[in-house]
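**Q** This is the structure I want to talk about, given as structure tokens.
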Amino acid sequence: MTVRTRFAPSPTGFLHIGGARTALFSWAYARRHGGQFILRIEDTDVARSTPEAVQAIIDGMNWLGLSHDEGPFYQMQRMDRYKEVIQQMLANGTAYYCYTSKEELDALRAKQEAKKEKPRYDGRWRPESGKQLPVIPAGIDPVVRFKNPATGIVAWHDQVKGRIEISNEELDDFIIARADGTPTYNFCVVVDDWDMGITHVIRGDDHVNNTPRQINVLAALGATVPLYAHLSMILGDDGQKLSKRHGAVSVTQYDDDGYLPEAVLNYLARLGWSHGDDELFSMEQFVQWFDLDHITASAAQFNTEKLNWLNAQYIKQADNARLLNEALKRLNGQGVDTSKAQNLDRAIGLYKERVTNLNELADALHPFCVAVHATEEVKAQHLTDAAKAALATLKEKLDAVTDWIAPNLNAAIKDTVAAHGVKMPAVAIPLRVVLLGQPQSPSIDQVLEVLGRECVMARLQAI
RNA sequence: GUCCCUAUCGUCUAGAGGCCUAGGACAAUACCCUUUCACGGUAUGAACCGGGGUUCGAAUCCCCGUGGGGACGCCA
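Right, dumping it as structure tokens:
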């Protein structure tokens, strides 16, 4: 049997971190088993679905590198098929017309809630042998309801949560087609999963409650029931549920924030899934190791600090040319003139070990492109008269250096330190402030070398 | 309210009845490295939600609480 998984978002917003992890796990499972990963857009909510959201989801998946093998399929383009199945069900008695109005339904629900009962359809239009149905009212377009089994249980072995069973008595006859004839979510999913030959449904655990309904419809259709794996949700950094109002951002925001996609992927893979003590692994390893047995059943809290750490690890490993490209993109985006900069590739080497994200890397490269001036506060603190005097001496000594390489530059600094009878930081810190606009940097002699003689002398001149 | 899911350090997790004096990672703290800030290294503190069972033996199995989450739409 070929494994076929799917990711089926509704295009009502961007791809957020929870959706991304669901997609990642579905993708990985298909890849692991040499199967197919299908992208399906569930756009039957016409009012809220937008083409922009479809694009945003695809952009997010592209950034992460989660490629699909089939699709995107759009549910709105499959209307004829859904209607065909509904007609079949109406004909064979597994579905029926219901003429209850929304007002009547609201009244029914209010009554049930008042009695502290679970709100549900009472089956007044459900045909039973020997039962007298109400008179069909005039002027009402009926909905179509699924005739759910009245007794027994529906159970499945969830690949994450274990055996789950629900009594059919908990389930009511849910609507599969609205009064205007359009099919509803729980029905479309079933027809799609069936038609598309989905073998493993990997989705968020907010769908656990839909699963028994879907299994019952599948059974009514005579379709094979796929395996289900319900992933727990991801909570925000503060343990609160992620929502549009609270903390949920597009995965592409992580790009803007300077994260490498492989760091986000590694983090997401590790959030709710584990392979022993392994923390840092490539997507190749992940695909090789991924299984449904080691997925955590409970919700996981997002931890930005750990993501930051992973990102730093991936930046250290990353190719310099790639990092430079990312940094330039960011600097240019800020309007920084990068055209006159030299040795930027070497500056990357100086900083890639120390930064947490690409934006920090870009900031670090900024003074290697154009002069960056320290704030008045920093200047006042570090550029004292004594410091300026020392820098004047240093300038002379640097001027005399013939071969502009770190050991020679270091010697010039040491000479200055000795001449003024001060400690190293008394020279190195003000020097950093003048050259880079801030008091911290990598090894100062390296910085001097990479900055180049012309740039260093010009900036010392400008004190 | 009813139904469903869930519960190990602050966080992500390892853990399939004896390997657990509960392991790893992030974070924290201390020290080392260092001309600064980082990086890196070393070390330390930090958890099995509570109560009952089952068993020679329970973090692991069962039950009951409690906490957390989800669902109960002509949304998906």
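When the letters of the first sequence are read in order and numbered with this note's numbering, they come out as residues 8 to 470. No residue lacks a Cβ here, since even glycine has one placed at the ideal position from N, Cα and C.
Pull the bridge partners of F44 from the DSSP assignment, please.
**A** T12
**Q** Could you tell me whether the stretch 225-238 touches the stretch 159-171, where touching means 3 or more Cβ pairs closer than 8 angstroms?
**A** yes
**Q** Using a 10 Å radius around the Cβ and a threshold of 16 neighbouring Cβ atoms, would you call H301 buried or exposed?
**A** When all chains shown are included, H301 counts as exposed.
**Q** In whole angstroms, what is the alpha-carbon distance linking V465 and K402?
**A** Per the sequence shown, residue 465 should be read as Ala rather than Val. Between A465 and K402, the C-alpha separation is close to 10 angstroms.
**Q** Is the beta carbon of L317 less than 7 angstroms from the beta carbon of A270?
**A** yes
**Q** Between the C-alpha atoms of G444 and D244, what's the straight-line distance to the nearest angstrom?
**A** Taking the CA atoms as reference points, G444 sits about 34 angstroms from D244.
**Q** With DSSP as the reference, please indicate the residues paired to C105 in a beta bridge.
**A** Its beta-bridge partners are V150.
**Q** Name, in chain order, the residues that DSSP records as bridge partners for E172.
**A** A162, per the DSSP bridge assignment.
**Q** Pick out the complete alpha helix (DSSP H) segments inside the stretch 405-434, 4 residues or longer, and give them in chain order.
**A** 413-427
**Q** Checking the sheet assignment: what are the DSSP bridge partners for L238?
**A** G211
**Q** From I24 to E49, what distance separates their C-alpha atoms?
**A** Cα to Cα, the separation comes out at about 18 angstroms.
**Q** Within its chain, find whatever has a CB closer than 7 angstroms to the CB of A381; leave out the 5 residues flanking it on each side and keep chain order.
**A** Cβ contact annotation for A381 (same chain, cutoff 7 angstroms, sequence separation greater than five): V440, G444, Q445, in chain order.
**Q** For Q308, list the residues DSSP reports as bridge partners.
**A** L242
**Q** By alpha-carbon positions, which one of T9, T423, V454 ends up nearest to A371?
**A** Of the candidates T9, T423, V454, the one whose C-alpha sits nearest the C-alpha of A371 is V454.
**Q** Name the residue from L442, F32, A37 whose alpha carbon lies nearest to the alpha carbon of V10.
**A** A37
**Q** Measuring CB atoms only, is the stretch 392-399 touching the stretch 423-435, in the sense that at least three cross pairs come out at less than 8 angstroms?
**A** yes
**Q** Of the choices P16, R116, K123, T51, whose alpha-carbon is the least far from that of M68?
**A** P16
**Q** Determine the DSSP secondary structure at F21, reduced to helix, strand or coil.
**A** coil
**Q** Looking only at its chain, what residues have a beta carbon closer than 7 angstroms to the beta carbon of V377, apart from the 5 residues adjacent to it on each side?
**A** V343, D344
**Q** Report the rounded CA-to-CA distance for K138 versus V167, giving the unit in angstroms.
**A** Per the coordinates, the alpha-carbon of K138 lies some 42 angstroms from the alpha-carbon of V167.
**Q** I'd like the ranges of any alpha helix (DSSP H) spanning at least 4 consecutive residues and lying wholly in the stretch 44-104.
**A** 58-71, 86-99
**Q** Could you pull the start and end residues of the beta strand (DSSP E) that A184 belongs to?
**A** 182-184
**Q** Give me, in chain order, the residues of the same chain whose beta-carbon lies closer than 6 angstroms to that of L278; leave out the 5 immediate sequence neighbours on both sides.
**A** A307
**Q** Quick test of the definition: if touching needs 3 or more C-beta pairs under 8 angstroms, does the stretch 142-157 touch the stretch 96-105?
**A** Contact between the stretch 142-157 and the stretch 96-105 is present: three or more C-beta pairs spanning the two stretches fall below 8 angstroms.
**Q** Is N332 buried or exposed, if buried means 16 or more other CB atoms sit within 10 Å of its CB?
**A** exposed
**Q** How about T363 and N415: do their beta carbons lie closer than 7 angstroms?
**A** no
**Q** Tell me the rounded alpha-carbon separation between E383 and L442.
**A** 15 angstroms
**Q** Measuring CB to CB, does I205 end up less than 7 angstroms from F32?
**A** no
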